[in-house]
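The listed protein sequences derive, respectively, from chains A and B. Here the numbering used here = 1-based position in the first sequence + 141. Here the numbering used here = 1-based position in the second sequence + 98. One structure below.
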Amino acid sequence: MKVLVAVKRVIDYNVKIRVKADHSDVDLTNVKMAMNPFCEIAVEEAVRLKEKGVATEVVAVTVGPKAAQEQLRTALALGADRAIHIETDERAESLAVAKLLAKVVEEEQPGLVVLGKQAIDTDNNQTGQMLAALTGLPQGTFASEVAVDGEKVHVTREIDGGLQTIALTLPAIVTTDLRLNEPRYAKLPDIMKAKKKPLDVKTPADYGVEVASKVSLLKVESPAERKGGVKVASVDELIDKLKNEAKVL
Amino acid sequence: MSILVLADLHEGQLAGATAHVIAAAQQIGGDIDVLVAGEGVQAAAEAAAKLDGVSKVRVADNAVYAHQLAEPMGALLVELAGDYTHVLASASTTGKNVLPRLAALKDVSQLSDVIAVDSADTFKRPIYAGNAIATVKSDDVLKVITVRSTGFDAVGEGNSAPVEAVDVVVENSQSSFVKEELAASDRPELGGAKVVISGGRGMGNGENFKLLDGIADKLGAAIGASRAAVDAGFVPNDMQVGQTGKIVAPDLYIAVGISGAIQHLAGMKDSKVIVAINKDDEAPIFQVADYGLVGDLFEILPELESKL
Ligand SMILES: Cc1cc2nc3c(=O)[nH]c(=O)nc-3n(C[C@H](O)[C@H](O)[C@H](O)COP(=O)(O)OP(=O)(O)OC[C@H]3O[C@@H](n4cnc5c(N)ncnc54)[C@H](O)[C@@H]3O)c2cc1C
Ligand SMILES: Cc1cc2nc3c(=O)[nH]c(=O)nc-3n(C[C@H](O)[C@H](O)[C@H](O)COP(=O)(O)OP(=O)(O)OC[C@H]3O[C@@H](n4cnc5c(N)ncnc54)[C@H](O)[C@@H]3O)c2cc1C
């Protein structure tokens with residue numbers, strides 16, 4: 142079985158972003174970029190499936206600018222066998238990404254597609270679900286456990302009330318939650334080897350997909366800043382402030 | 099304008115979030131229908147009919163919709179969406195699971211986690227863990243939106259809207275329900291509680307979370323946690339507050355043994371009053387706390403419980 146993993150280049154999760162002075166967008170110049178943490182978990186899961194002998198090949202795919210090849214190389218260093226880069230400088234939003242991934246699914250015929258549950262920049266939490274709808278495949282989102290069992294995959298999902306386990310026919314789409322696994326770090330020899338692994342470059346036009354969307358970004362603002370308050374010296378003072386100043390007790 | 103709101107259910111009952119989504123729908127304006135889909139959901143439909151602002155409740159009560167699995171729910175919404183200009187759901191794990199399928203099948207974008215309505219086509223939503231607020235305009239013919247409950251005050255319950263059955267039945271041979279492990283708790287839901295007390299890695303272990311129980315009892319609070327506390331296995335996943343967990347905005351949020359990472363702040367920084375209890379006086383949580391108490395939580399919590 143082939144496993145396809147979608148990875149996204151995003152701002153490093155440790156970076157606190159700033160909004161541009163003209164409010165047109167956030168300022169990403171010279172900001173450290175990295176693979177979306179949920180995508181790292183997706184790559185790790187795919188590689189583990191290969192190590193267990195369930196998967197035979199792991200293919201990583203990204204949609205984004207030239208620089209996104211760094212994240213594909215990371216995926217290759219972590220154990221993916223080859224990569225596909227769909228290059229675009231346009232702002233590709235979830236629906237366009239899902240359409241492109243659907244074309245790749247059609248071409249590659251994977252048994253399982255693993256995506257992150259959300260990208261930590263736009264926090265949309267949509268792409269996997271959209272891909273499932275477009276390909277007509279079942280979905281197991283927010284996965285904390287994935288078990289392939291013959292013709293089916295059992296997915297345990299983190300839902301608001303706790304955990305839910307569902308069974309899906311294969312092929313299927315899975316999106317990862319935080320506790321699915323702990324991703325490994327790439328070792329130096331693997332990083333070197335990754336440079337020689339195959340990486341195909343395509344464009345959205347190759348797949349006949351229009352990247353433009355009907356959603357426009359009018360303005361980006363900073364949220365209302367919260368100012369730190371005071372330090373209290375004791376539990377008594379805390380209770381007094383909460384009762385008499387904040388009036389929340 | 100005509101709006102369809104997908105009701106959020108919790109164990110077959112109407113979840114509190116729905117009343118917040120209807121408030122968002124009222125700001126868009128127009129007729130508001132509520133879709134209650136599941137198996138054995140008549141009581142939830144009747145509860146939805148009481149919510150102010152609802153024009154009618156549509157009930158799809160069939161075994162195929164049990165547990166609101168994504169595939170049949172998406173297909174049902176596609177069947178119904180033709181009557182509407184907007185389809186809204188709460189940004190709960192159900193809304194997030196189902197709505198993008200509708201959007202993709204209708205070839206429109208989805209706006210996730212909307213926190214404010216500027217007009218019928220322009221909305222505000224947080225991006226980058228809430229460190230920026232984007233104003234976005236959708237020119238799609240159908241607007242598909244998930245709503246963050248904390249952005250809108252719940253509507254009241256003085257209505258008695260008509261309830262009608264939806265007879266659309268879809269097929270589903272791709273996914274099936276296996277089991278659910280739901281955390282049983284007598285405490286209020288995290289998302290709707292007026293007071294939340296959360297513990298972090300500083301709690302040390304799961305047993306120590308009992309130190310929060312007595313205080314939560316006295317304050318009628320829900321108990322939350324940081325990701326580190328959940329990852330370490332102290333408490334179950336449904337308690338995680340943050341960018342990738344639950345978003346809360348209670349009147350009072352008490353963070354105990356939590357450092358204040360941006361991903362945690364993303365889930366609680368819109369709380370009215372924040373209290374932080376931490377032994378490290380440099381912990382970033384103090385930068386957002388209205389009242390900070392520096393000290394050992396193992397001494398502070400018992401004292402706080404006894405003095406409340
Ligand atoms: C209003 C608006 C403003 C935007 N502003 C910016 C901006 O300032 N900078 C910018 O770079 N982009 C911007 N975008 C585009 C956006 O960052 C994403 O590329 C797009 O929305 C898809 O990611 P997501 O966050 O929706 O994915 P989610 O649904 O949150 O991501 C889930 C998973 O889908 C997969 N996935 C998502 N995108 C890709 C991809 N490109 N390639 C491969 N797999 C992927 C990954 O596995 C990911 O973990 C903007 C989009 C909109 C609508
Ligand atoms: C993609 C991604 C998503 C994430 N999503 C979330 C999320 O949704 N929610 C979330 O919370 N985190 C999230 N995180 C994790 C986040 O970055 C932090 O790692 C996490 O919030 C830290 O939890 P903590 O504050 O409990 O632990 P720590 O940072 O270890 O802090 C523990 C604190 O306890 C204090 N302490 C220790 N002992 C005592 C004592 N005896 N008395 C008083 N104080 C004491 C310490 O001084 C310290 O400040 C995410 C991270 C990533 C990468």
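Cβ atoms here follow ideal geometry from the backbone N, Cα and C, with glycine treated the same way.
Can you give me the Cβ contacts of residue i inside the same chain, cut-off strictly under 6 Å, excluding the 5 residues immediately before and after it?
i	result
histidine 118/B	Ser247, Phe250 and Ala252
glutamine 124/B	Gly151
alanine 233/A	Val204 and Val352
alanine 221/A	Val199 and Ala201
alanine 173/B	Val268
leucine 309/B	Leu399
aspartate 284/B	none
valine 255/A	Val146, Ala183, Glu186, Ala187 and Val315
asparagine 160/B	Val267
threonine 297/A	Ser285, Glu286, Leu304 and Thr306
aspartate 230/A	Pro206
methionine 176/A	Val148, Gln212 and Thr215
Below 8 Å on the Cβ atoms is my contact criterion, and I expect residue i with residue j to pass it. Report the Cβ-Cβ distance as a whole number of Å.
i	j	result
glycine 318/B	lysine 277/B	Not really, about 31 Å apart at Cβ, beyond 8 Å.
histidine 164/A	valine 361/A	6 Å
glycine 302/A	aspartate 315/B	About 21 Å; that fails the 8 Å criterion.
isoleucine 158/A	asparagine 229/B	5 Å
alanine 122/B	valine 215/B	6 Å
Flag residue i as yes when its Cβ comes closer than 7 Å to any non-hydrogen atom of ligand 2, and as no otherwise.
i	result
threonine 342/B	yes
alanine 189/B	no
asparagine 229/B	no
leucine 319/A	yes
lysine 222/B	no
alanine 326/B	yes
glycine 369/A	no
leucine 309/B	no
histidine 362/B	yes
serine 210/B	no
alanine 346/A	no
tyrosine 288/B	The amino acid at residue 288/B is misidentified as tyrosine; the sequence shows leucine. Because no heavy atom of ligand 2 lies under 7 Å away, the Cβ of leucine 288/B does not count as near it: no.
leucine 391/B	no
asparagine 376/B	yes
arginine 299/B	yes
alanine 381/B	yes
serine 357/B	yes
leucine 395/B	yes
glycine 331/B	no
glycine 365/B	yes
valine 264/B	no
Ends of the beta strand (DSSP E) at residue i?
i	result
valine 287/A	280–290
leucine 280/B	273–280
lysine 241/B	241–245
valine 386/B	Counting along the chain, valine 386/B falls outside any beta strand (DSSP E), and DSSP gives it neither H nor E.
asparagine 376/B	371–376
lysine 334/A	Segment 329–335 is the alpha helix (DSSP H) holding lysine 334/A; no beta strand (DSSP E) there.
arginine 232/A	From DSSP, arginine 232/A is part of no beta strand (DSSP E); its letter is neither H nor E.
threonine 316/A	313–317
threonine 310/A	303–310
CB-CB under 8 Å to residue i, same chain, minus the five flanking residues each way: which ones, in chain order?
i	result
leucine 383/A	Val389 and Leu390
alanine 142/B	Ala105, Leu107, Gly110, Gln111, Leu112, Val134 and Gly136
methionine 99/B	Ile126, Gly127, Gly128, Asp129, Thr183, His184 and Ala218
Considering only residues of the same chain and omitting the five flanking positions on each side of residue i, which have a CB-CB separation below 7 Å?
i	result
aspartate 211/B	Ala189, Arg223, Pro224, Thr244 and Arg246
proline 170/B	Val162, Tyr163, Val268 and Asn270
threonine 310/A	Pro279, Glu292 and Lys293
glutamate 249/A	Lys143, Leu145 and Val200
alanine 227/B	Gln341, Ile360, Gln361 and Ala364
alanine 386/B	In the sequence as displayed, the identity of residue 386/B is valine instead of alanine. The answer, listed in chain order, is Gly358, Leu363, Lys367 and Ile372.
valine 333/B	Gly304, Phe307, Ala323 and Ala327
glutamate 181/A	Pro324
Taking the alpha helix (DSSP H) that residue i belongs to, which residues open and close that run?
i	result
serine 235/A	235–249
threonine 191/B	191–203
aspartate 131/B	Element bounds for aspartate 131/B: not the alpha helix (DSSP H) but the beta strand (DSSP E), 129–136.
glycine 172/B	168–179
alanine 146/B	140–147
glutamate 305/B	Segment: none, glutamate 305/B is in no alpha helix (DSSP H) and carries neither H nor E.
serine 357/A	Run containing serine 357/A: none in the alpha helix (DSSP H); it sits in the beta strand (DSSP E), 356–362.
CB of residue i to nearest heavy atom of ligand 3: below 7 Å?
i	result
glutamine 305/A	In the structure shown, ligand 3 is absent; the only ligands present are ligand 1 and ligand 2.
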